[in-house]
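*Asks:*
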Amino acid sequence: MYAVFQTGGKQHRVIKNQIIKIEKLNISINNIIEFTKISMINDNNHLYVGHPFIENCKITAQIVAHKQSDKIKIIKFNRRKHFRKHMGHRQLFTSIKILDIIINS
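For the sequence shown, the working numbering gives the first residue as 892, with consecutive numbering after it.
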């Protein structure tokens, strides 16, 4: 059984007990959260597709950690022009563990 849900402007395909990285949420660690913007659920017998979301279904997850991803280096360079610019960026993310996918049909 897997589901596709939306959070932070992105869609994620998840299964039960999977740990994923999503956009940072301002919720403390070990709290349980629920996602209701579910686009699709596939259990082995039936496929549920939302238009745009499935009603009366939810995904419960537990917040595992808040971290920063690896540094991305941005370098702009023009040869023979004495132009060189260095920048870096570290994106914040939240790790969550999917506890259950609940279908209430």
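From the three backbone atoms N, C-alpha and C, an ideal C-beta is built for every residue, glycine too. Since we're looking at a predicted model, the values are computed, not measured.
Is it the case that the Cβ atoms of Ile920 and Ala952 are separated by a distance below 7 Å?
*Replies:* Judged by their CB atoms, Ile920 and Ala952 are not nearer to each other than the 7 Å cut-off.
*Asks:* Using the Cα positions of Tyr923 and Cys948, report the straight-line distance between them to the nearest angstrom.
*Replies:* Correcting the residue identity first, residue 923 is Ile in this sequence and not Tyr. Looking at the two C-alpha atoms, the distance is approximately 16 Å.
*Asks:* My guess is that Ile992 and Lys915 are in contact by the Cβ rule of under 8 Å, so how many angstroms apart are they, rounded?
*Replies:* 23 Å between Cβ atoms; not a contact.
*Asks:* Does Lys988 come out as helix, strand or coil in the three-state DSSP assignment?
*Replies:* strand
*Asks:* Leaving out five residues before and five after Gln959 in sequence, what residues of the same chain have Cβ atoms less than 8 Å from its Cβ?
*Replies:* Arg981, Gln982, Leu983, Phe984
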